[in-house]
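*Asks:* Just dropping this structure here.
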Amino acid sequence: MKLYNTLTRKKEEFVPLEPGEVKMYSCGPTVYNFFHIGNARPFIMFDVLRRYFEYRGYKVTFVQNFTDIDDKVIKKANEENTTYDVIAERYIKEYFTDARGLGIHEASVHPRATENIAEIIDIVKTLEEKGHAYEVNGDVYFRARSFKEYGKLSHQPIDELESGARIAVGEQKEDPIDFALWKAAKPGEPSWDSPWGKGRPGWHIECSAMARKYLGETIDIHSGGIDLCFPHHENEIAQSECCSGKPFARYWLHNAFLNIDNQKMSKSLGNFFTVRDAAKVYGYDAIRFFMLSAHYRSPLNYSQESLSQAKSALARLNAALGSVRFLKENGNDGGETEAEKRSEEGFETYRRKFCESMDDDMNTADAVAAVFEAVRDINTVCAEKTVTKAYAEKADAFLNELCGVLGIGDAPEKKDGADAEIEKLIADRQAARKAKDFKEADRIRDLLKEQDIILEDTPQGVKWHKA
Ligand code: AMP
Ligand code: ZN
């Protein structure tokens, strides 16, 4: 598989450090609010990358942190007259609700900054001992010029960075490009004991500490939005490499912005939609599908039309999944027809196209297109008067295989409980109809409709799919 590495500015063949294993770290959310569609982009895209590695047989250890202490979390706590941990706990819970809805698998570990203070202090101490960090009145700063390669990720010469850097009010840095590793406690703010007195960690250091703790000194992939490339990731590299003397992350992956009216969607600009609100209108599945419709390094514009389009494309996919699921049970018992055999041969071609697209720097747009070519073929076959169970079985397995990697459609993982429940309701409705209890039958139909389940009565039985 080839991946575009921001560090080398090239598409490179991905070769993990340990054969068959991938160690990935992705910067997670700062938990002071619901996350918005822009934030969802890296969460969804790197979830797909992880799933694809797993599909290709790798053992993946995936770490995504929660930044549970920073100025924004503290500000929110003050506004609500509560403590930072109450705010963090609430929005971590809300993160999982939305992430589950979007089909984002839980990371192997979701570490929190405040649960790793000892590890953070340990790195800062090492950096200080090695002359890469210095303390001023309880603050500790990283001496950027002490790291010769500073700027290598964002490809900026240090003097250029110097001219853009400022010393903020209250900071006591030797050099404007230095950055905080540890911040002395301010009155009324949460703080932890440290060799430099009470204080709290800077933002960049938490990722260095948690990546090292859960993945080791050198990791395979580090990812996040392009806005994190500088200074966040640049600083992570400086801290980690100065501490260990080893390369930190071997491949750096950055997603482009999710825009709205061609401007970055962001909390500070106020031009954002939370995933929670958008899901109420379009459904979580459509948001995920919309994200996959573009390559992760291309800017993507959010609009009502694009979400509506995603919703209708998804409905086509779900209709095909509904047909094959139905025909698996209700199709013909005989041997496959010539048309069915031809279609099955096509599956090989589409699977190859799918993998080739994913191997090319995770081109999900083309991978989705390969799935839809299969959907078109399957719909043609399923429109015939007779379809065999054997074909439906294979088509169902094939669609679920690829959809399971992308996490779209009625992916197998979503099916377990949910499908059984739907099937039971459909059976109950059939029983009610048989007993001529049409009121009950209609009630069940409405209940299913509320869950976006569309029923179709056919001579062979009831067929259903998600809207
Ligand atoms: P934050 O909670 O602001 O630290 O952001 C969490 C993740 O969302 C980071 O990887 C950011 O780079 C990413 N992100 C924030 N806004 C956008 C956007 N408009 N488009 C794409 N990624 C974004
Ligand atoms: Zn980070």
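The opening position of the sequence shown corresponds to residue 866 in our numbering, with each subsequent residue numbered one higher. Even glycine gets a Cβ: it sits at the ideal position worked out from N, Cα and C.
Could you spell out the range, first to last residue, of the alpha helix (DSSP H) harbouring Q1104?
*Replies:* Residues 1099–1109.
*Asks:* Start and end of the alpha helix (DSSP H) containing N1124?
*Replies:* Segment 1123–1125 is the beta strand (DSSP E) holding N1124; no alpha helix (DSSP H) there.
*Asks:* For L1186, count neighbouring C-beta atoms within 10 Å of its own C-beta (all shown protein chains included) and say buried if the count is 16 or more, exposed if not.
*Replies:* Buried, by the Cβ-count rule.
*Asks:* Mapping the DSSP letters down to three states, classify I1086 as helix, strand or coil.
*Replies:* Residue state, collapsed to three classes: strand.
*Asks:* From this set, G903, Y1006, E878, T873, which residue's C-alpha is nearest L1165's C-alpha?
*Replies:* Comparing Cα-Cα distances from L1165 to each of G903, Y1006, E878, T873, the minimum goes to G903.
*Asks:* By the three-class DSSP mapping on this structure, what secondary structure does E1249 have?
*Replies:* Here E1249 sits in coil by DSSP.
*Asks:* Between F1191, H997, Y960, E993, which lies nearest to A1257 when the distance is taken from Cα to Cα?
*Replies:* Answer by Cα proximity: F1191.
*Asks:* Cutting at 7 Å between CB atoms, please list the residues of its own chain near E878, excluding the five before and the five after it.
*Replies:* Within the same chain, E878 has close Cβ partners K867.
*Asks:* Helix, strand or coil: how does DSSP classify T895 here?
*Replies:* T895 falls in the strand class under three-state DSSP.
*Asks:* Just mark L843 as buried or exposed, buried being the case when its beta carbon has 16 or more other beta carbons within 10 Å.
*Replies:* The question about residue 843 has no answer here: the residues shown for the chain are numbered 866 through 1332.
*Asks:* Can you tell me whether C1072 sits near the ligand ZN, meaning its C-beta is under 6 Å from at least one heavy atom of the ligand?
*Replies:* Result yes, Cβ under 6 Å from the ligand ZN.
*Asks:* What does the Cβ neighbour count give for I1032, buried or exposed, with the cut at 16 atoms within 10 Å?
*Replies:* Exposed is the call here.
*Asks:* With 7 Å as the threshold, decide whether the Cβ of Y949 is near any Cβ in chain B.
*Replies:* The question asks about chain B, but that chain is absent: this structure has only one protein chain.
*Asks:* Alpha carbon to alpha carbon, how far is M1130 from A1121?
*Replies:* For M1130 and A1121, the distance between alpha carbons rounds to 11 Å.
*Asks:* Taking buried to mean at least 16 other C-beta atoms within 10 Å of its own C-beta, is P881 buried or exposed?
*Replies:* The residue is buried, with at least 16 neighbouring Cβ atoms inside 10 Å.
*Asks:* Could you tell me the alpha carbon to alpha carbon distance between H1119 and C1247, rounded to whole angstroms?
*Replies:* For H1119 and C1247, the distance between alpha carbons rounds to 41 Å.
*Asks:* Please identify the residue among K1314, R1207, E1194, M1227 whose C-alpha is closest to the C-alpha of N870.
*Replies:* Of the listed residues, the one whose Cα sits closest to N870 is M1227.
*Asks:* Can you check which of these residues, Y1079, E1000, Y890, is closest to K1048 by C-alpha distance?
*Replies:* With distances taken between Cα atoms, K1048 lies closest to E1000.
*Asks:* When we look at the beta-carbon of F961 and count the other beta-carbons within 10 Å, is it buried (16 or more) or exposed?
*Replies:* Classification for F961: exposed.
*Asks:* Within the present structure, is the beta-carbon of N1100 separated from the nearest heavy atom of the ligand AMP by less than 6 Å?
*Replies:* Not so, every heavy atom of the ligand AMP lies at least 6 Å from the Cβ.
*Asks:* Please say whether D1293 and I1309 have beta carbons closer to each other than 7 Å?
*Replies:* Against a cut-off of 7 Å, the Cβ pair of D1293 and I1309 comes out as a contact.
*Asks:* Looking at C-beta atoms only, is the number of pairs between the region 907–914 and the region 1149–1158 that lie closer than 8 Å three or more?
*Replies:* Touching, yes.
*Asks:* So, is F1303 buried or exposed, given that buried needs 16 or more other C-beta atoms within 10 angstroms?
*Replies:* Result: exposed.
*Asks:* Considering Cα atoms alone, identify which of G1148, V887, K1250, T991 is closest to Q1316.
*Replies:* For Q1316, the nearest C-alpha among the options comes from G1148.
*Asks:* Kindly examine the ligand AMP and report whether one of its heavy atoms sits closer than 6 Å to the Cβ of G903.
*Replies:* Flag set: Cβ of G903 near the ligand AMP.
*Asks:* Check whether the Cβ atoms of V1233 and A905 lie closer than 7 Å to each other.
*Replies:* No, these two residues do not count as a Cβ contact at 7 Å.
*Asks:* Excluding the five sequence neighbours on either side, which residues of its own chain have a C-beta within less than 7 Å of the C-beta of L1123, listed in chain order?
*Replies:* I902, G903, R906, M1130, L1165, Y1167, listed in sequence order.
*Asks:* Identify whether A964 lies in helix, strand or coil by the three-state DSSP scheme.
*Replies:* In the structure shown, A964 sits in a helix (DSSP, three-state: H, G or I).
*Asks:* As a quick exercise: from F1012, P1022, I1086, Q1174, pick the residue whose alpha carbon is nearest that of C1108.
*Replies:* Of the candidates F1012, P1022, I1086, Q1174, the one whose C-alpha sits nearest the C-alpha of C1108 is F1012.
*Asks:* Which residue's Cα is closest to the Cα of I1287: G1272, L1312, D1307?
*Replies:* Measuring from the Cα of I1287, the nearest candidate turns out to be L1312.
*Asks:* Let me make sure I understand the geometry here. Which of P1112, W1061, S1208, W1068 has the alpha-carbon closest to that of I934?
*Replies:* When only C-alpha atoms are compared, the closest one is W1068.
*Asks:* Any idea what DSSP makes of I1032, helix, strand or coil?
*Replies:* Looking at I1032 - three-state DSSP - the assignment turns out to be coil, as it is neither helix nor strand.
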